[in-house]
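There are 2 protein chains.
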Amino acid sequence: MSDLLERLRGRGWRMTAQRRVVAEVLAGDHVHLTADEVHARAVAKLPEISRATVYNTLGELVTLGEVLEVSTDKRAKRYDPNAHRPHHHLVCAQCGSIRDVHPTGNPMADLPDSERFGFTVSDVEVTYRGVCPNCAKA
Amino acid sequence: MSDLLERLRGRGWRMTAQRRVVAEVLAGDHVHLTADEVHARAVAKLPEISRATVYNTLGELVTLGEVLEVSTDKRAKRYDPNAHRPHHHLVCAQCGSIRDVHPTGNPMADLPDSERFGFTVSDVEVTYRGVCPNCAKA
DNA sequence: AGATTGACTTAGACAAAGTCCAGTGTAGGG
DNA sequence: CCCTACACTGGACTTTGTCTAAGTCAATCT
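Quick look at the structure:
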């Protein structure tokens, strides 16, 4: 994820401590944090970082296509740094935990023209819901 | 949608003017209103209905499986009365308008066991995104 | 039909998530 | 090393949704 910072610098981003910290927090697989969780972890590394900056930075990362916004059914949007490998999500209906998954098949091809209503369709998002092993035990 | 009211009465619902109005507002195809929109339309028919009642009633309808909650990427949840015919959604990335669609194929079968991480998967939700004819013109 | 009762509704306070703005700070080019 | 445009801060504000205490009324019983 350090190459992320390189890529951003190449796009004319000014490199600040705050942005570096947000990028660090978002490193890894199966990471799907809410804005507030990102803020909490960022504060741990840089106590004076403000909520507004975290929101701004996340918004910029989404606009640049470096991070995806995921709306599972929870209240808050979640941010997924795994934007460069296409994937879908598997969500636990009880605890809300999320895994990245890679289904076979191509849902894009499954939508016939007659069902497109004149839209120019550019993207599909598939969300599987179920109960995770942990919650199943309880 | 009048049989909805019958079904609810059968489930022990007390029939009130407020609930009737909320059910009426949710009638039709391709209806995906936010809670506030439902409230606004309900107020037009029954001025003294309160926001809390609309939220309560919507929540009950969802619990009973008569209405689906749809989280597209917008801020507010939307409510879809078309719960008894399985379908997916096509969303305009610009104006947010939503159409019900029926893709071919079975996404449920496309998730191999190796990608289920021990979850008991019970549901799939597919969201297509694109630009609607109206927004494409502008 | 009238009394009863507990489920339903109301208004408004509260909470959570996110946006906006005026003022201050600082990265990076010259 | 200095400037200046861009970035950051803190707090007020908005939107969306939840909760509660008190009042109301649909359905049942007689």
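Taken in sequence, the protein lines are chains A and B.
So in the UniProt record's numbering, the last spot in the first sequence is 138, and the numbers never skip.
So in the UniProt record's numbering, the last spot in the second sequence is 138, and the numbers never skip.
Virtual Cβ for every residue (Gly too), placed ideally from N, Cα, C.
Source: prediction; values computed, not measured.
DSSP lists A:92, B:121 as the bridge partner or partners of residue 130 of chain A. Every candidate alpha helix (DSSP H) stretch fails here, since none sits fully inside the region 54-100 of chain B while reaching 4 residues. A Cβ-Cβ separation of about 16 Å leaves residue 84 of chain A out of contact with residue 101 of chain A under the 8 Å criterion. Take residue 34 of chain A, set aside five residues on each side of it, and the residues of its chain with a beta-carbon closer than 6 Å to its own are 76, 78, in chain order. Apart from the 5 residues on each side of it in sequence, residue 29 of chain B has no Cβ closer than 6 Å to any other Cβ in its chain. Its chain contains 25, 33 as the residues whose beta carbon lies nearer than 8 Å to that of residue 41 of chain A, once the 5 sequence neighbours on both sides are disregarded; these appear in chain order. For residue 41 of chain A, the enclosing alpha helix (DSSP H) begins and ends at 35-45.
Ranked by Cα distance from residue 97 of chain B, the first of B:128, B:116, B:36 is B:128. A direct Cα-Cα distance of roughly 43 Å separates residue 122 of chain B from residue 9 of chain A. Taking C-beta atoms as the reference points, residue 31 of chain B and residue 80 of chain B count as a pair closer than 8 Å.
The Cβ-Cβ distance between residue 5 of chain B and residue 23 of chain B falls below 8 Å. With contacts defined by Cβ atoms closer than 8 Å, residue 120 of chain A and residue 131 of chain B form a contacting pair. When DSSP states are grouped into helix, strand and coil, residue 10 of chain B belongs to the helix group.
At a cut-off of 8 Å between beta carbons, residue 110 of chain B contacts chain A. No Cβ-Cβ contact shorter than 8 Å links residue 124 of chain A with residue 124 of chain B. Taking C-beta atoms as the reference points, residue 70 of chain B and residue 58 of chain B fail to come closer than 8 Å.
For residue 19 of chain B, the enclosing alpha helix (DSSP H) stretches over residues 17-25. The closest CA to that of residue 112 of chain A, considering only B:104, B:109, B:50, is found on B:104.
DSSP, reduced to helix, strand and coil, places residue 116 of chain B outside both helices and strands of the structure shown, so it counts as coil.
Spatial neighbours of residue 95 of chain A in its own chain (CB-CB distance under 8 Å, excluding positions within 5 residues in sequence) are listed in chain order as 132, 134, 135.
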